[in-house]
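Take a look at the structure below.
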Amino acid sequence: MAGNSTNAAKMARFLAIIQIVTGVLLLGFGTADRLVKGRGYYHYYHYDWTGYVYFGIWIGIWMCITGGLGIPGSARERTSSRDAFAGVFMGFSITSAVLGGVIIICYSIAISELRRYHYYDDYDYYNYGYYGRYYYNYRGKMAILAIMLVLGIVTFGAGIWAAICTCLMKPCDCCGQPQVS
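Counting the sequence shown from 1 gives a position; this note's numbering is that position plus 14.
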């Protein structure tokens, strides 16, 4: 049984590092999502709402904190502080998985909206990629949205997998113990 706990601790450490890297990437691409506009100044921003909500920035910060908690929570030797960090890491990982699902849903909708409005703009006689003096950056915005969607999938998978590995490390006495009545 100790071998499974050791392997789970190694995997949890690896997933904590993945969560830190994913958090840093979410911070970077979340900033880009905020700065790159999908349409010109004179039109409504119906599908730039993901940047205005700062999804990548605050979820990226959450992921970095989660990964930072996972490093001491996945120590190989079992101590009371490791168990405390592992329990908190499990809770933060579950929350990270939920936030990854939010990213998947919201960025899928944003990609769909961007593509739909770009399709209708293709038939606009006066649309040559410019609205006044502001440039319409379809490809850049679509690339950022697609990268954020992939990072959301990684966040979702790493969050679930880290929670499972942390549970296998048995940081609490609630799992696998026979109940006495």
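Built from N, CA and C at the ideal position, the CB exists for glycine as well.
Sorting 19, 21 and 40 by C-alpha distance to the C-alpha of residue 165 places 40 at the top. Every alpha helix (DSSP H) stretch that sits fully inside the segment 33-110 and reaches 4 residues is listed by chain position as 63-66 and 69-87.
Taking every protein chain shown into account, the CB of residue 93 has fewer than 16 other CB atoms within 10 angstroms, so this residue is exposed. Straight across, the Cα-Cα distance linking residue 102 with residue 177 is about 10 Å.
Cβ neighbours of residue 113 within its own chain (closer than 7 Å, five residues either side excluded): 73, 76 and 169. With respect to the C-alpha of residue 125, the residue from 81, 152 and 174 having the closest C-alpha is 152. If you draw a straight line from the Cα of residue 182 to the Cα of residue 50, it comes to about 42 Å.
Using a Cβ distance threshold of 7 Å, residue 180 and residue 100 count as a contacting pair. Taking all protein chains shown into account, residue 26 has 16 or more neighbouring C-beta atoms within 10 Å of its C-beta and is therefore buried.
Selection 157, 105, 155 and 87 evaluated against residue 23 yields 87 as nearest (Cα-Cα). C-alpha of residue 117 to C-alpha of residue 79: approximately 18 Å in a straight line.
Counting every other CB atom within 10 Å of its CB across the protein chains shown gives residue 121 a total of 16 or more, marking it as buried.
For the pair residue 20 and residue 35, the Cα-to-Cα distance works out to about 23 Å. Assigned with DSSP and collapsed to three states, residue 184 falls in coil, not helix or strand. Separation of residue 127 and residue 161 (C-alpha to C-alpha, rounded to the nearest whole angstrom) is 16 Å. Less than 7 Å separates the beta-carbon of residue 70 from that of residue 43. If the five residues before and after residue 18 are omitted, its C-beta is found closer than 8 Å to the C-beta atoms of 182, all from its own chain and listed in chain order.
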